[in-house]
Amino acid sequence: QVQLVESGGGLVQSGGSLRLSCVASGSISRSSVMGWYRQTPGKERELVATITSGLRTNYADSVKERFTISRDNTMNTVYLQMTSLKPVDTAVYYCYYRGFVTGYWGQGTQVTVSS
């Protein structure tokens with residue numbers, strides 16, 4: 319089992335910045351993928367960004383050039399630096415962790431961008 323604890327969500331004005339953090343604990347694999355997904359009411363959860371243990375990153379087109387994902391393998395922590403935020407970025411953001419087989423989700427953190 320892996321537990322994920324997210325922090326850093328909140329309310330920000332359009333054009334502002336926020337940084338999300340997610341700490342993983344429990345049965346951590348040496349090789350893993352961590353990332354962030356987001357979801358709004360009535361829509362499916364969508365990829366925001368992922369990062370492997372080897373620091374290979376992948377971004378949704380909608381957030382490229384605005385969001386940066388990073389991770390600290392020694393601290394089992396993944397970050398999402400969000401800049402130039404837009405109202406369409408408003409969503410619940412979920413941390414994701416996948417080891418060799420199983421994936422885990424955090425409880426979610428609300429990000430609200432006001433216009």
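Residue numbering for the sequence shown follows my numbering, beginning at 319 and increasing consecutively. Beta carbons: idealized from backbone N, C-alpha and C, even for Gly. These numbers were taken from a predicted model, which means no experiment stands behind them.
Check whether the stretch 359-371 and the stretch 395-415 are in contact - that is, three or more C-beta pairs closer than 8 Å.
Yes: at least three Cβ pairs fall under 8 Å.
Assuming residue 338 and residue 422 are in contact, meaning their beta carbons sit under 8 Å apart, how far apart are those beta carbons, in whole angstroms?
Taking the sequence shown and counting its residues from 1, the one referred to as residue 338 is at position 20. Taking the sequence shown and counting its residues from 1, the one referred to as residue 422 is at position 104. So it is not a contact: roughly 16 Å between Cβ atoms.
Can you list, in chain order, the residues of its chain with a C-beta nearer than 7 Å to that of residue 386? Leave out the 5 residues immediately preceding and following it.
In the sequence shown, residue 386 corresponds to position 68, counting from 1. The residues are 399.
Identify the continuous beta strand (DSSP E) that holds residue 352 and give its terminal residues.
As a working note, residue 352 is residue 34 in the sequence shown. Counting along the chain, the beta strand (DSSP E) containing residue 352 begins and ends at 351-357.
With a Cβ-Cβ cutoff of 8 Å, do residue 401 and residue 349 count as a contact?
Position 83 of the sequence shown holds residue 401. Position 31 of the sequence shown holds residue 349. It is not a contact, given that the beta carbons lie outside the stated cut-off.
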